[in-house]
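Chemist: So the sequences go chain by chain: A and B.
Letter by letter, the first sequence follows residues 104 to 532 of our numbering.
Letter by letter, the second sequence follows residues 104 to 532 of our numbering.
Cβ coordinates follow ideal geometry from the N, Cα and C atoms, glycine included.
Protein chains: 2
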Amino acid sequence: AAPGSFRALNCESVKHWVAARPALQQRLGPADSVESWQVKEVGDGNINFVFIVEGPSGALCVKQALPYVRCVGESWPLTQDRVRIEAAVLAEEAAWCPSHVPAVYLYDKDMALIVMRYLAPPFLILRRGLIAGAIYPRLAEHLATFLAGTLFHTSLIKLNSSEFRKKVAQYENDEMCRLTEQVIFTEPYFTAKNNRWTSPQLDPDVAELQADVAARVAACELKSLFCSKPQALLHGDLHTGSIMVTDAETSVIDPEFAFYGPMAFDVGKILANLLLAYFASDGHEKTPGEREGQRGWLLSCVIDTWTGFSSSFVRLWSEHGAQGDLYPGVLTGPDAPGGADALAACQASFMRQLFHETVQFMGAFIIRRLVGIAHVADMDSISDLDLRATCERRALRFGRRLLVEGAKGELSSIQGLVEVVALLRATSN
Amino acid sequence: AAPGSFRALNCESVKHWVAARPALQQRLGPADSVESWQVKEVGDGNINFVFIVEGPSGALCVKQALPYVRCVGESWPLTQDRVRIEAAVLAEEAAWCPSHVPAVYLYDKDMALIVMRYLAPPFLILRRGLIAGAIYPRLAEHLATFLAGTLFHTSLIKLNSSEFRKKVAQYENDEMCRLTEQVIFTEPYFTAKNNRWTSPQLDPDVAELQADVAARVAACELKSLFCSKPQALLHGDLHTGSIMVTDAETSVIDPEFAFYGPMAFDVGKILANLLLAYFASDGHEKTPGEREGQRGWLLSCVIDTWTGFSSSFVRLWSEHGAQGDLYPGVLTGPDAPGGADALAACQASFMRQLFHETVQFMGAFIIRRLVGIAHVADMDSISDLDLRATCERRALRFGRRLLVEGAKGELSSIQGLVEVVALLRATSN
Ligand SMILES: Nc1ncnc2c1ncn2[C@@H]1O[C@H](COP(=O)(O)OP(=O)(O)O)[C@@H](O)[C@H]1O
Ligand SMILES: Nc1ncnc2c1ncn2[C@@H]1O[C@H](COP(=O)(O)OP(=O)(O)O)[C@@H](O)[C@H]1O
Ligand SMILES: [Mg+2]
Ligand SMILES: [Mg+2]
Ligand SMILES: [Mg+2]
Ligand SMILES: [Mg+2]
Ligand SMILES: [Mg+2]
Chain A
104 AAPGSFRALN CESVKHWVAA RPALQQRLGP ADSVESWQVK EVGDGNINFV FIVEGPSGAL
164 CVKQALPYVR CVGESWPLTQ DRVRIEAAVL AEEAAWCPSH VPAVYLYDKD MALIVMRYLA
224 PPFLILRRGL IAGAIYPRLA EHLATFLAGT LFHTSLIKLN SSEFRKKVAQ YENDEMCRLT
284 EQVIFTEPYF TAKNNRWTSP QLDPDVAELQ ADVAARVAAC ELKSLFCSKP QALLHGDLHT
344 GSIMVTDAET SVIDPEFAFY GPMAFDVGKI LANLLLAYFA SDGHEKTPGE REGQRGWLLS
404 CVIDTWTGFS SSFVRLWSEH GAQGDLYPGV LTGPDAPGGA DALAACQASF MRQLFHETVQ
464 FMGAFIIRRL VGIAHVADMD SISDLDLRAT CERRALRFGR RLLVEGAKGE LSSIQGLVEV
524 VALLRATSN
Chain B
104 AAPGSFRALN CESVKHWVAA RPALQQRLGP ADSVESWQVK EVGDGNINFV FIVEGPSGAL
164 CVKQALPYVR CVGESWPLTQ DRVRIEAAVL AEEAAWCPSH VPAVYLYDKD MALIVMRYLA
224 PPFLILRRGL IAGAIYPRLA EHLATFLAGT LFHTSLIKLN SSEFRKKVAQ YENDEMCRLT
284 EQVIFTEPYF TAKNNRWTSP QLDPDVAELQ ADVAARVAAC ELKSLFCSKP QALLHGDLHT
344 GSIMVTDAET SVIDPEFAFY GPMAFDVGKI LANLLLAYFA SDGHEKTPGE REGQRGWLLS
404 CVIDTWTGFS SSFVRLWSEH GAQGDLYPGV LTGPDAPGGA DALAACQASF MRQLFHETVQ
464 FMGAFIIRRL VGIAHVADMD SISDLDLRAT CERRALRFGR RLLVEGAKGE LSSIQGLVEV
524 VALLRATSN
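(1) Would you call the CB atoms of Cys404 (chain B) and Ala243 (chain B) closer than 9 Å?
(2) Between the Cα of Ala445 (chain A) and the Cα atoms of B:Gln313, B:Trp179, B:Ser139, B:Val286, which residue gives the shortest distance?
(3) Checking 9 Å against the spacing of the C-beta atoms, do Met465 (chain A) and Gly502 (chain A) come in under that value?
(4) According to DSSP, which residues form a beta bridge with Cys280 (chain A)?
(5) Suppose only complete runs of 3+ residues qualify. What are the beta strand (DSSP E) ranges in the stretch 411–481 of chain A, listed by chain order?
(6) Name the chain B residues that come within less than 8 Å of Pro586 (chain A), Cβ to Cβ?
(7) With a CB to CB cut of under 6 Å and the five nearest residues on each side skipped, what residues in its chain are close to Thr253 (chain B)?
(8) For Val286 (chain A), which residues from the same chain have a beta carbon less than 8 Å from its beta carbon, with the 5 sequence-adjacent residues on both sides left out?
(9) Please list, in chain order, all residues of the same chain as Leu506 (chain B) whose beta carbon is under 6 Å from its beta carbon, the five residues on each side excluded.
(10) Quick one: what's got a C-beta closer than 6 Å to Leu209 (chain A)'s C-beta in the same chain, skipping five residues either side?
(11) Determine, using beta carbons only, whether Ser178 (chain B) and Gly158 (chain B) come nearer to each other than 9 Å.
(12) How far does the alpha helix (DSSP H) with Arg528 (chain A) in it extend, from its first residue to its last?
(13) Between Thr182 (chain A) and chain B, is the shortest Cβ-Cβ distance under 9 Å, so that the two count as touching?
(14) What is the residue span of the beta strand (DSSP E) that Ala335 (chain A) lies within?
(15) Note down the Cα distance separating Asp438 (chain B) from Cys280 (chain B), rounded to an integer number of angstroms.
(16) Along the stretch 319–342 of chain A, where does the CB come closer than 8 Å to a CB of chain B? Name the residues.
(17) In the DSSP output, what is Leu209 (chain B) paired with across the bridge?
(18) Compile a chain-ordered list of the residues in the stretch 363–393 of chain A whose CB is closer than 7 Å to at least one CB of chain B.
(19) Determine the closest residue to Leu246 (chain B) out of B:Asp308, B:Asn376, B:Pro225, B:Asn276, with distance taken between C-alpha atoms.
(20) Hey, quick one: how far does the alpha helix (DSSP H) through Val137 (chain A) stretch, first residue to last?
(21) Suppose the cutoff is 8 Å on Cβ atoms and the five residues either side in sequence are ignored; what does the same chain contact list for Gln273 (chain A) look like?
(22) Could you tell me which residues DSSP puts in a beta bridge with Pro180 (chain A)?
(23) Can you name the residues that DSSP bridges to Tyr363 (chain B)?
(24) Hey, quick one: how far does the alpha helix (DSSP H) through Ile508 (chain A) stretch, first residue to last?
(25) Compare the C-beta of Phe255 (chain B) with all C-beta atoms of chain A and state if any pair is closer than 9 Å.
(26) Taking CB distances under 9 Å as the criterion, tell me whether Leu499 (chain B) reaches chain A.
(27) Is Ile356 (chain A) near ligand 3, going by C-beta to nearest heavy atom under 8 Å?
(28) Which bits of chain B does Tyr292 (chain A) rub up against, with CB to CB less than 7 Å?
(29) Tell me which residues share the same chain as Lys389 (chain A) and place their Cβ nearer than 8 Å to its Cβ, disregarding the 5 neighbours each side in the sequence.
(30) From the beta carbon of Asp277 (chain B), is the nearest beta carbon of chain A less than 9 Å away?
(31) Give the residues from the stretch 442–469 of chain B that approach chain A closer than 7 Å (Cβ to any Cβ), ordered along the chain.
(32) Scan the stretch 483–513 of chain B for residues whose Cβ lies nearer than 7 Å to a Cβ of chain A and list them as they occur along the chain.
(33) Which whole runs of the alpha helix (DSSP H) in the stretch 213–263 of chain A are 4 residues long or more, in chain order?
(34) Just to confirm, are Gly519 (chain B) and Gly512 (chain B) a CB contact at a threshold of 9 Å?
(35) Please find out if some non-hydrogen atom of ligand 5 comes closer than 8 Å to the beta-carbon of Asp340 (chain A).
(36) Is any non-hydrogen atom of ligand 5 found closer than 8 Å to the C-beta of Phe368 (chain A), if you look at the structure I gave you?
If you want it as structure tokens, here you go:
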């Protein structure tokens, strides 16, 4: 499309737009089949429009960004530059873990859209599968691969500092970052009018959170990391609603919030969302204990994602880190005196710090989904409000503890953290 | 000048270049006085050319960057974009502490030059004054003002995050940063061919440093902060050779290495260079104890610079921080519940971390000036090599301790740190 030629597509016009592009049209069917193509708009996210176009030979997914936030409307404008970021990041991620991102067929800047592989059923948004009670045996392994690959290969451990700075600049994503700063790190900690929570049940809990000086200080420090720690190219919105799964496959979508930030942001966000599913599970039981199996799996998934990520990341570092500028071979390679010791010491120190930040970010992500503007369907779909509030209160207490303490004491290992979760669920109301 | 019209000036051509620009010419004298103007090239730095042009009515300083490193030659190319950075930073600094930077009269992009106020004698490069044994009673106060003003006002504590990200991008200074990464954080820690030291006297000390795994790990972590902690607009090269002084005035020149980095880099660099002067002072005594007075002053200058900086910075934060995005008024302002406590807690935590990083950076700066490519005249001008080596060895030991320990134990306050310095000088050879 020509510059300035943006127009919002709908279920009818998207068909003709696709049909006019032979490379796309051929994926769906012969030119004379266009009238028979089926289109549905499935965008259940809050921000963009997503069309599935199906023809006799196949199907496509078309994601288009309007210049505002979908669920709010024109009163909340939002840069369409986010589509440039999303297309570039999908390509970057595909370079490091092609089996965990949808293939992109076309990016059209002026139309602010991306055409990509349709992840057809049985692919399902992970959050919906979790709410339905499902278990995904390979999820932890896939998440670990995705996290380690995307975070390692875009970091200064792998890159030289010129390449690194170019990428940091390329992925500047000001408006999307501002949104995150506001809704995750600022609003939950004061009486912002966007906030909501299960009321009146959680009123005292929210008041207590917002009076908690230590929580506020920690939130500010996390915001500082978010804004001032360009460490790797993050997905930026890696919750269970940005992941599509089958029993065998895992595909990460929707990286429009991507930017260079602290690795712990991505790692912590997915772990926090798995724990939100855990805390919500009591609210979905038709008979008590029905979801005990899923809960056990969710907790091991949290452990396995962290440990799998951590060991993959360190392995990539040992294999490729010497070429990067942060821990160059001359200092930590096998030929440096004590090089192996230095490498091991750098890795241990790095992973310790990363885990600490991950724990704190997890706390912030749990909190914002309970008292901030955007909640999770895991909790919102619990119709008994007292039961929902009980689930949410446990999560909120746990979130506060993570945020304030970080990886200290019982929380200094992922196993310890998970034990605290289980105990808290079993013993608190 | 027109694009592509760069030419290197010399003592003759600079006169005519200035004379052809009426606003500049008028500062020096009437048009018919040009033939009588005197020019000297005074660039004693390693990188650029600096001309002083004097006429009957006044004088000017013209600093020009060639597309390579002056002291090496065309074999070490270096971007002339550094002049854009220098001009922009001088203007930015002037906004926050006009009495501590030379006024800029003109920046010419194509000629890669800056015309600025000539800091005429008695202005002297601080390093030279220190080598000569001088004391500058107002130096600490001025350095504190400069550091607090420039670092606070360019930080996310003061700015909103969009403004902040724009500035981070504007001041990207890739080539200059790479130089720093190489010569400060990498080469001193292995057998790089650029390294030099007082040999054979320091051979065992250098071998020990380069076998020290903890020092190497710490150097890597500082490099990580340098590359991945955009916290404020740094001067980037704030040693005693970038500061011109009189008894009453202090002017900071030469910010061509400026970029968004960790505040501790600037603070630590100037403190480290003051301590290098301290450790060198024994080498300049004609009679033992002659410089005891200067030494006492140097140590109080280190203390007063840190404490003055720290209290000014916190004061600016309390006054202007509510408008910035990092610790916004809604979270830490007087109207937030417990807002004053939250502000105090954020400030204490921030300053504690900043001091820790400052101590570690000081260590790295001391080390690189003793074993890396670029040394300091404070030490180099000690002609008795055994005496020089003794001074350098003390500094090197101290630097290693700072680098590895950071602000722990005795080093957890600036007073404690200074006591360690004095004891080390008095008791070690
Ligand atoms: N490639 C795809 N294949 C199948 N469904 C998709 C695909 N991309 C998005 N969707 C569906 O569209 C929804 C919204 O997509 P998403 O990229 O998350 O948009 P938003 O940015 O608005 O959150 C997803 O939850 C999913 O149901
Ligand atoms: N404005 C000035 N007034 C007087 N002398 C100056 C001025 N700027 C630079 N000089 C002199 O020139 C020398 C080199 O300048 P500097 O900016 O440090 O260049 P470099 O980038 O090459 O280190 C300084 O050490 C100082 O002696
Ligand atoms: Mg989405
Ligand atoms: Mg989210
Ligand atoms: Mg999205
Ligand atoms: Mg200089
Ligand atoms: Mg210079």
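Modeler: Let me lay it out:
(1) Yes; because the gap between Cβ atoms is below 9 Å, this pair is in contact.
(2) Minimum Cα distance to Ala445 (chain A) is reached at B:Gln313.
(3) The beta carbons of Met465 (chain A) and Gly502 (chain A) sit closer together than 9 Å.
(4) Note: Cys280 (chain A) sits in no beta bridge, so no partner.
(5) Those beta strand (DSSP E) runs which fall completely within the stretch 411–481 of chain A and span 3+ residues do not exist here.
(6) Nothing can be reported for residue 586 (chain A): it is not among the residues displayed for chain A, which extend from 104 to 532.
(7) Within the same chain, Glu196, Trp199 come within 6 Å of Thr253 (chain B) by CB-CB distance, once the 5 residues on both sides are set aside.
(8) So the list reads Asn297, Arg471, Gly475, Ile476, Ala477, once near-sequence residues are dropped.
(9) Only Ala318, Ala321, Gln463, Gly466, Ala467 meet the Cβ criterion.
(10) Closer than 6 Å at Cβ, skipping near neighbours: Val218.
(11) Taking the C-beta atoms as reference points, Gly158 (chain B) is found no nearer than 9 Å to Ser178 (chain B).
(12) Run containing Arg528 (chain A): 517–530, per the alpha helix (DSSP H) assignment.
(13) No, Thr182 (chain A) lies away from the interface with chain B (no Cβ there is under 9 Å from its Cβ).
(14) Where Ala335 (chain A) is concerned, the enclosing beta strand (DSSP E) stretches over 335–337.
(15) The alpha-carbon atoms of Asp438 (chain B) and Cys280 (chain B) are separated by roughly 42 Å.
(16) When CB distances to chain B are screened at a threshold of 8 Å, the residues of the stretch 319–342 of chain A falling below it are Arg319, Val320, Ala322, Cys323, Glu324, Lys326, Ser327, Cys330, Ser331, Lys332, Pro333, Gln334, in chain order.
(17) Per DSSP, B:Val218.
(18) Within the stretch 363–393 of chain A, no residue has a Cβ that lies closer than 7 Å to any Cβ of chain B.
(19) Considering only alpha carbons, the answer is B:Asn376.
(20) First-last for Val137 (chain A): undefined, no H or E at that position.
(21) Cβ neighbours of Gln273 (chain A) beyond the five flanking positions: Ala191.
(22) Pro180 (chain A) is bridged to A:Tyr171.
(23) According to DSSP, which records beta bridges pairwise, Tyr363 (chain B) is partnered with B:Leu336.
(24) The question names Ile, but residue 508 (chain A) in the sequence shown is Glu. It spans 488–508 - the alpha helix (DSSP H) in which Glu508 (chain A) sits, taken as one unbroken run.
(25) Not a single CB atom of chain A sits nearer than 9 Å to the CB of Phe255 (chain B).
(26) No, its Cβ sits nowhere closer than 9 Å to a Cβ of chain A.
(27) Within the cutoff, so yes.
(28) The contacting residues are Leu434.
(29) Closer than 8 Å at Cβ, skipping near neighbours: no residue.
(30) Look at Asp277 (chain B): its C-beta is under 9 Å from a C-beta on chain A.
(31) Along the stretch 442–469 of chain B, going in chain order, the ones with a CB nearer than 7 Å to a CB of chain A are Asp444, Ala445, Ala448, Cys449, Ser452.
(32) Taking 7 Å as the Cβ-Cβ cut-off against chain A, none of the residues of the stretch 483–513 of chain B qualify.
(33) Runs found: 229–234, 242–256.
(34) It is a contact, given that the beta carbons lie within the stated cut-off.
(35) Yes, since a heavy atom of ligand 5 falls inside the 8 Å radius drawn around the Cβ of Asp340 (chain A).
(36) No, the beta carbon of Phe368 (chain A) sits no closer than 8 Å to any heavy atom of ligand 5.
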